[in-house]
Amino acid sequence: IVSVGGFVSVPFLVPYCSSKFAALGLHKGFTKELSALGKDGIKTTCLCPYFVSTGLIENPQSRIIPVLKPEAVAKRLMDGILCNQKKIVMPSPVAMFSLMEIILPEHALVALDKILNIKFDVKKRE
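Going letter by letter, the sequence shown gives residues 46 to 171 in this note's numbering.
See below:
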């Protein structure tokens, strides 16, 4: 399980996003190695959900994108595995974030962040 944090960084979640970037890279590399070795019988599915209400992140919110329910994410993952889907991004339109990070200029990405208004309760470190 990667998360949208694997291709879009979020303030105050740097360690989390860094590990998810690494997990996405691992999945991509592993998938290519399996293909290069002709290991067609080994299948992988990479799940990249937006915020899921699991309690890991306290009170996640966005102006546009709803927080996902764990049951919906689990069902979508099982459907994806059964259909041999390589990558599942939830909700689907969020997949565009990866492309936007590459093609949009920095000022447009800043504007997009303001539109999305992603926020959550941050635990203060002592």
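Each residue gets a CB set at the ideal place from its N, CA and C atoms; glycine is no exception. Note that the structure is a prediction, hence the values are computed from the model and not measured.
Between the beta-carbon of Glu-146 and that of Val-53 there is about 6 Å, and that keeps the pair under the 8 Å contact cut.
Arg-121 sits buried, since 16 or more C-beta atoms from the chains shown fall within 10 Å of its C-beta. Taking one beta carbon from each stretch, the region 100-119 and the region 65-74 have fewer than 3 pairs nearer than 8 Å; the two do not touch. Bounds of the alpha helix (DSSP H) holding Asp-158 are 151-161. Excluding sequence positions up to five before and after Thr-76, its CB lies within less than 6 Å of the CB of Thr-89, all in the same chain and listed in chain order. Just so you know, the alpha carbons of Met-123 and Leu-92 end up roughly 10 Å apart.
With contacts defined by Cβ atoms closer than 9 Å, Pro-94 and Ser-48 form a contacting pair. Taking Pro-105 as reference, the option from Leu-58, Cys-128, Gly-74 with the minimal CA-CA separation is Leu-58.
The alpha-carbon of Leu-154 is positioned some 39 Å away from that of Lys-84. A check of alpha carbon separations from Ile-46 across Lys-73, Val-55, Asn-162 identifies Lys-73 as the nearest.
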